[in-house]
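Enquirer: Encoded as structure tokens, here's the structure I'll be asking about.
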Amino acid sequence: MESVTVLKRQNIKTEGRYRLPVRVSGAASSPAAVRPCAGPMGTPQVKLVENTPDYAILEVICGCGQSLFIQCQYSAPASP
Numbered sequence: 206m207e208s209v210t211v212l213k214r215q216n217i218k219t220e221g222r223y224r225l226p227v228r229v230s231g232a233a234s235s236p237a238a239v240r241p242c243a244g245p246m247g248t249p250q251v252k253l254v255e256n257t258p259d260y261a262i263l264e265v266i267c268g269c270g271q272s273l274f275i276q277c278q279y280s281a282p283a284s285p
């Protein structure tokens, strides 16, 4: 079973830069596989692409236009 980390509001910084580790098909990518942003920077955006009872898919669009899709799995409700 995979470990799950929940990000809390007080633990999130919304300034500066942070590079998330990228996993492709369950394997960590090499730094060479991550392309740096180039060109004029716009406003970053996040869009909800799909929302189901089991998961949600978010599209994160960098200021340079590159997109990243993130699937967030919901945990099963705790049994009483």
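Heads up: the sequence shown is residues 206 to 285, going by our numbering. The beta-carbon is built from N, C-alpha and C at its ideal position, and this holds for glycine as well.
1) Give me the Cα-Cα distance between Leu-253 and Leu-263, rounded to the nearest whole angstrom.
2) Hey, how far is the Cα of Ile-266 from the Cα of Ser-280?
3) Measuring straight from C-alpha to C-alpha, what distance separates Pro-258 and Cys-277?
4) Between the Cα of Gly-247 and the Cα atoms of Gly-270, Glu-255, Ile-275 and Asn-256, which residue gives the shortest distance?
5) Please return the same chain residues whose Cβ sits closer than 8 Å to the Cβ of Val-251, not counting the five positions on each side in sequence.
Expert: In short:
1) 5 Å
2) 26 Å
3) 11 Å
4) Gly-270
5) Leu-263, Glu-264, Val-265 and Ile-266
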